[in-house]
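Numbering (my numbering), first residue to last: -16 to 906.
Glycine included, every Cβ here is placed at the ideal spot set by N, Cα and C.
Every value quoted in this text rests on a predicted model; they were computed, and no experiment measured them.
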């Protein structure tokens, strides 16, 4: 890119990138571009040329540094130009629409298809055979439309071809027939006699060209007009039937054959009626494809006469030769498209127009008339884009009142508002982030006229315009409610250099994350935005971000910053954006699908906030919705909290306005259905998982499971519960901690007495083993329950209320008793009715030397434990039912502080019994 030949301060500039395409502009045209709204491609060229003009002035000054600066500027501009021409042009998409990436505000006005497709010839043959439209009629843009779109920066269509989009219209066959209608073979005549004879006769022009009536000789009709035939019929009738009159009219008209050739969808011979016109025949052939001419059509009569047909006359309502009635044997020839010009911009009907027959140019006034004229009667600017002999494209100002447009030239019309346009940058949840050109209409509403700008899941209640304070030139964030903008209730003026930031769903959900909770608790942050927020929190008062703090910190969200947190890119780019959002936050909690923090710019209806949170949950109680407001009166020293309870069955969601800082809580209705399932296994008729209702009991579950089998042992039922399992795990850990502390105390006393080292060592070994057992064993969460249906019927207070996640196992009746601990032969002994605990100890070989008979206990099949005194002073023995476990603990008298180990032994024993019962059921 360089200044054109001439002085350094030349007023003409040229661009010649590596692609080889060049373009020149004079300074007046450049000013016209910047004052109006040309296409995006022209805007890019204009901006580049302005940069080179400034660089040329710098280069003229002395100094190597300035020359180097211009060289760098030239390299960057040429790179941008090459990228624009290689990938920034308009391309046709698979869906048949034009790619308007060069102009986000462009709309698709495409009206046809591209007959230049690689498969055009194949499709044309298929269309002839299948009677379907050829490529180039509708669908994709044509080659000439794509070329003009590339030059103007937005889609533009050829004028006139849309008339053929509808199905071929039937020619008019009703209404009055002109007396000048020329009769032909096949026409039907209705002849009516009145007078001496009164009757009506229907007769058809035969192949000899005659009509034959009963009272008259054959009468020649072919070639005669209807008026001439009537006159001759009356004359003959008057001679034959004195005093009679005759009336003749046309009944049904004949079919004729015409040929439609050239650039139409279905060329060939077409049968039409004798009323058909040129337009009717072309419509019957599928219409003119966009490689064909609308202004140079020829009607060739069988006699050799040639009539020129300009369909622009027909489209304008003037009629002309396009409405000329056809004759049998006529040929209609549609040639290739002639020279074209285009009118684009702020006109009523932008389009590509064909020049008149015999001309390669068009007057500007005629082009403006075809385009419907400018949108405004005054204050318009006109530019003409043309090529020189070398194919260099240039832009120059022109006058709409005079001048001509030569072949392929473009007249651009835009409204001059005396404001220099610029660019803004669009970021965030948009389809194509990057710069956007703005004109003097530069407002947010105009920018969002193309809704395709928004993509993904944009958050409309809060967007941001990053601008600059005109007085301080410091960055300024301006919150914007896009809901109001899109509805037309609000608009925001944009300035050159502004950045329009659209937040997405991920950006909003991040506000409720543990990372933000940690920053609000001043525990640091894993990204610049969180670190900036934590620093700000440490310097501000305690009630800053009060709604966010209550939802995140006081609501239980973890305040520990997660490792390797990925902050959304928009917060990395604008760290100060996060505090702005939290200052305008509204918390939505309770029974909604996505509880969280949602920023709003101004008061909005409650319906909008609930929709942002995903809507109400299935169990939401709309009769009690709490709205907590934090009010600070002007000049007040404190902030008051006010809570409103709303009944949404009586109040409209649109009538309740939610303000920034409010908290909305949707209550949950109590449901009779318990969450989770209950599983029953073992000796029941229908084992499996069952859903339960609130308050359902064990007896109800057993009844639903079909009852117990004949081999069931309800006294040994195993009932486990998740909540109890967690409590047991915590209790085991506490017991293990107490044992560890006991070791430390024992070592301290041993150091003081310095005796009994061997006994202490044994005690420490036992304790370590117990601690290891407690930390390694996984508790079952067993609850002692009564599962015998007969007992539950008699004593309903023993019937256990079920919870989700409970599991019930009904084992078979066992025939053994387990003896564990300090006996000579621990293991299982066959159950024998009437045997006592002491009897089973004898069957196990008796006690060892370390046994403590006074602390023996029995773990019953249902999980309950009870002591059984087996000492020398025992007066009675405990009942030992089948499936029980008899535990003989070790004598721990030397280690009084370790009395807790008896509890450990009981825990481990109960787990062993439960595991054995479960294993028996599974096997």
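{"Item": "Check: residue 632 C-beta below 7 Å from any heavy atom of the ligand ZN", "Value": "In terms of ligand content, the structure shown is empty, and the ligand ZN therefore cannot be addressed."}
{"Item": "8 Å CB neighbourhood of residue 278 in its chain, flanking five on each side removed", "Value": "293, 294, 295, 321, 337, 338, 339 and 340"}
{"Item": "Between the CA atoms of residue 394 and residue 141 - distance to the nearest angstrom", "Value": "15 Å"}
{"Item": "DSSP-derived helix/strand/coil call for residue 834", "Value": "strand"}
{"Item": "Spatial neighbours of residue 332 in its chain, beta-carbon cut-off 6 Å, leaving aside the 5 residues before and after", "Value": "354 and 355"}
{"Item": "Residue 799 vs residue 813 beta-carbon contact at 8 Å", "Value": "yes"}
{"Item": "Span of the alpha helix (DSSP H) around residue 534", "Value": "529 to 535"}
{"Item": "Classification of residue 634 by the beta-carbon crowding that lies within 10 angstroms, buried from 16 upward", "Value": "exposed"}
{"Item": "Entirely enclosed beta strand (DSSP E) segments - the region 206 to 257, minimum 3 residues", "Value": "228 to 233, 238 to 245 and 251 to 256"}
{"Item": "Proximity to residue 718 [Cα-Cα], best of 708, 692 and 755", "Value": "755"}
{"Item": "Residue range of the unbroken alpha helix (DSSP H) whose run includes residue 553", "Value": "552 to 556"}
{"Item": "Cβ contact (3+ pairs, closer than 8 Å) linking the region 771 to 787 and the region 828 to 842", "Value": "no"}
{"Item": "CA-to-CA distance, residue 428 to residue 250, given in whole angstroms", "Value": "48 Å"}
{"Item": "Candidates 573, 580 and 237, of which the one nearest residue 605 by Cα", "Value": "573"}
{"Item": "Residues near residue 169 by beta carbon distance below 6 Å, same chain, minus five either side", "Value": "237"}
{"Item": "Residue 471 to residue 415 span [Cα, whole Å]", "Value": "24 Å"}
{"Item": "Classification of residue 720 by the beta-carbon crowding that lies within 10 angstroms, buried from 16 upward", "Value": "exposed"}
{"Item": "Alpha helix (DSSP H) segment containing residue 349, residue limits", "Value": "347 to 353"}
{"Item": "Residue 867, enclosing alpha helix (DSSP H) - first and last residue", "Value": "Neither: residue 867 is in no alpha helix (DSSP H) and is coded neither H nor E."}
{"Item": "Residue 666 burial status per 10 Å Cβ neighbour count (16 or more: buried)", "Value": "buried"}
{"Item": "Simplified DSSP state of residue 310, which is helix, strand or coil", "Value": "coil"}
{"Item": "DSSP bridge partner residues for residue 426 (one or two, in chain order)", "Value": "476"}
{"Item": "Bounding residues of the beta strand (DSSP E) (the contiguous stretch that carries residue 696)", "Value": "First-last for residue 696: undefined, no H or E at that position."}
{"Item": "Proximity of residue 367 and residue 388 at Cβ, strictly below 8 Å", "Value": "yes"}
{"Item": "First through last residue of the beta strand (DSSP E) which encompasses residue 176", "Value": "171 to 177"}
{"Item": "Assigned secondary structure, residue 518 (DSSP; H/G/I helix, E/B strand, else coil)", "Value": "helix"}
{"Item": "Unbroken beta strand (DSSP E) run spanning residue 406, endpoints", "Value": "405 to 411"}
{"Item": "Residue 578 and residue 571 closer than 8 Å at C-beta", "Value": "yes"}
{"Item": "The alpha helix (DSSP H) enclosing residue 845, as first and last residue numbers", "Value": "Looking at the DSSP string, residue 845 is not in any alpha helix (DSSP H), and its letter there is neither H nor E."}
{"Item": "Option nearest residue 682 by Cα separation, candidates 770, 517 and 270", "Value": "770"}
{"Item": "Residues that residue 483 bridges to, as DSSP identifies them", "Value": "409 and 448"}
{"Item": "Spatial neighbours of residue 766 in its chain, beta-carbon cut-off 8 Å, leaving aside the 5 residues before and after", "Value": "702, 703, 704, 707, 783 and 846"}
{"Item": "Euclidean distance between Cα positions of residue 569 and residue 137", "Value": "42 Å"}
{"Item": "Environment of residue 631 [buried if 16+ CB atoms lie within 10 Å]", "Value": "buried"}
{"Item": "Which listed residue (759, 672 and 828) has its alpha carbon closest to that of residue 711", "Value": "759"}
{"Item": "DSSP state of residue 723 mapped onto helix, strand, coil", "Value": "helix"}
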